[in-house]
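Report on the structure given below.
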Amino acid sequence: MKKVINWLMLPALLTVLWLLLNQTLAWSQVVLGAVLSLLLAWAAMALRPLRSHPKKPLVIISLFFKVVVDITKSNIAVFKIIWFKPANHTPGFIRIPLELKDPHGLAALACILTYTPGTVWSGYSDESGVMTLHVLDLEDTQVWIDLVKNRYERPLMEIFE
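See below:
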């Protein structure tokens with residue numbers, strides 16, 4: 014029963030999104046949205062052979078707020094770099110060894126780092142577990158390594174592993 018409820022969450026959310034985008038509650042749109050969302054959810058199941066089972070919802074909420082704060086701070090920092098010291102920054106690449114192995118956790122880490130202005134996830138080696146990160150204003154490599162490992166990787170390991 015729990016599996017069915019979990020499977021129906023995606024179609025329900027897609028149907029609500031469909032109705033919001035169409036700005037109507039007409040029965041024809043409800044039925045069309047429900048049918049389309051069920052078909053899309055069924056098709057998406059074949060594309061996700063590996064299931065994710067996140068744990069510790071409080072850690073997820075805490076990580077979410079950390080990311081929001083970091084994105085805000087980074088937006089301000091990038092603004093200052095672009096407008097006030099365009100020639101003074103030193104961009105560079107950092108190689109960071111990761112302990113995180115779960116593909117969903119790695120994808121979440123890639124999204125967090127890429128969504129944060131001034132950083133881009135540039136690569137990952139499955140064999141060595143080393144991530145390459147591009148930083149717009151690289152002053153101290155160790156600060157960035159500690160930031161990624163302690164602020165993002167550790168909570169993601171609690172959530173996904």
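Note that my numbering has the sequence shown beginning at 14, numbered continuously upward.
In this text, a Cβ means the ideal position worked out from N, Cα and C, and glycines have one as well.
These numbers were taken from a predicted model, which means no experiment stands behind them.
Query, Result
"If we count the other Cβ atoms within 10 Å of its Cβ and call it buried at 16 or more, is Glu140 buried or exposed?", "exposed"
"Use the C-beta contact count for Leu146: other C-beta atoms within 10 angstroms, 16 or more gives buried, fewer gives exposed.", "buried"
"Measure the C-alpha to C-alpha separation of Val43 and Thr28 and round it to an integer number of angstroms.", "7 Å"
"Using the beta-carbon count (16 or more within 10 Å), is Ser75 buried or exposed?", "exposed"
"Checking the sheet assignment: what are the DSSP bridge partners for Arg164?", "The partner list for Arg164 (beta bridge, DSSP) is empty, contrary to what the question assumes."
"Identify the residues that DSSP records as bridge partners of Ile74: which are they?", "None; Ile74 has no bridge partner."
"Assign Phe173 to buried or exposed, taking buried as 16 or more other Cβ atoms, counted over all protein chains shown, within 10 Å of its Cβ.", "buried"
"Would you call the stretch 165–172 and the stretch 114–122 in contact, with 3 or more CB pairs under 8 Å?", "yes"
"Just the C-alpha distance for Phe106 and Ile95, rounded to the nearest angstrom, thanks.", "19 Å"
"Could you pull the DSSP bridge partners for Gly136 from this structure?", "Thr145"
"Could you tell me which residues DSSP puts in a beta bridge with Phe106?", "His147"
"So the candidates are Leu111, Thr154 and Ser135; which of them puts its Cα closest to the Cα of Val143?", "Leu111"
"Here's the rule I'm using: 16 or more other beta-carbon atoms within 10 Å means buried, otherwise exposed. How should Pro13 be labelled?", "Any question about residue 13 goes unanswered here, given that the chain covers just 14 to 174."
"Who are the near neighbours of Thr132 in its chain, counting only those whose CB is closer than 8 Å to its CB and skipping five residues on each side?", "Ser87, Leu126, Leu146, His147, Val148 and Leu149"
"Can you give me the start and stop residues for the alpha helix (DSSP H) that Leu126 sits inside?", "Pro116 to Tyr128"
"Identify whether Asn88 lies in helix, strand or coil by the three-state DSSP scheme.", "helix"
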